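Worksheet: the structure to be examined is printed underneath.
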Amino acid sequence: MELKAHRAAWSGRHRENSLAALRECYAEGVARVEIDFLLHGDEFVVTHDRPRRGARPPRLGDALEIVRSAPDGPTVLMLDAKADAPWPASVVTRLLRVIEPVRDRIFVGSPADWNLRRLREADPGLALAFDPQYYLTWSAKTEKLPGRVGAYGYQDAHPLALRRTGPALDYLRERFEILAGLVPSAREMHLRLAFFERMLGDGFNAADFLHSAGVQVDVWTIDAGTRAWRERVARAIASGVDIVTTNTPKQISAAFS
């Protein structure tokens, strides 16, 4: 199991999604790091939300220069695309141009499967990660997407969720077969940890299913100090999860070393 530093958080001394935080992760040899990005104006910037007027978030190119200049090491960087609108071909081309110098040291993830497919078509070898939260998830609150709780208790607007036609295990297997086909050859699937745990309770181990298709599983987000965090991380590891995303990787690493 590997830990992924959410928004490049390692020690907590630096602002999330900052260049200083990213440099620290590379200096510490963190196995997995994630930063958010979106297209703002005419350039890609590192931020989770659209910048406020006058804000100057780091440019994605400057963040990737840190990756390029870092010595070879274990760190893999995920670029989490915060864009739902379909990318025109010109945006795809520009993004690929920006990431080209570090293409083999990063991968791109998003819940927007339509944009991931655009990247796949333009660069078949680019590593991609898909989060199916717009289609199927579970959380204590109703998310904006999928926006509806189906017959099996999951948030799912698919016709298979309209009524119970069999065991939850069969429903989940069928849904994951569909989801796995949305981004062909994705290397990872990212799942909300509470969703993953709920499926285990229904007898479906998403990690086992996805591993059989050659896909790794990343669960998000669990932090040290939250309720039952040690037990939840241990259960995720025992269930075959490959990556755990956290805002407190240093503390969790110490607890499980």
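Count along the sequence shown from 1, then add 767; that gives the number in the working numbering. Don't be surprised by glycine CBs; every beta carbon is placed ideally from N, CA and C. If you're wondering where the values come from, they're calculated on a predicted model, not measured in any experiment.
- One Cα belongs to residue 976, the other to residue 939, and the distance between them is close to 10 Å.
- In this model, residue 946 and residue 925 are separated by some 11 Å (Cα to Cα).
- Its chain contains 898, 900 and 901 as the residues whose beta carbon lies nearer than 6 Å to that of residue 878, once the 5 sequence neighbours on both sides are disregarded; these appear in chain order.
- Straight across, the Cα-Cα distance linking residue 1005 with residue 964 is about 12 Å.
- Buried is the label assigned to residue 1009, since at least 16 other Cβ atoms lie within 10 Å of its Cβ.
- A direct Cα-to-Cα measurement between residue 831 and residue 866 gives close to 7 Å.
- Taking the C-beta atoms as reference points, residue 859 is found nearer than 7 Å to residue 889.
- In the three-state DSSP reduction, residue 989 falls in the coil class, being neither helix nor strand.
- A residue is called buried when at least 16 other Cβ atoms come within 10 angstroms of its Cβ; residue 791 meets this threshold and is buried.
- Taking the Cα positions, residue 911 is about 27 Å away from residue 933.
- Taking C-beta atoms as the reference points, residue 907 and residue 957 fail to come closer than 7 Å.
- Rounded to the nearest angstrom, the gap between the Cα atoms of residue 864 and residue 885 is 14 Å.
- Counting the other CB atoms within 10 Å of its CB gives residue 809 a total below 16, which places it among the exposed residues.
- In the displayed model, residue 781 falls within coil according to three-state DSSP, outside both helix and strand.
- The beta carbons of residue 874 and residue 894 sit closer together than 7 Å.
- Residue 999 sits in a helix when the DSSP states are folded into three classes.
- Per DSSP, the beta bridge partners of residue 771 are 799 and 1012.
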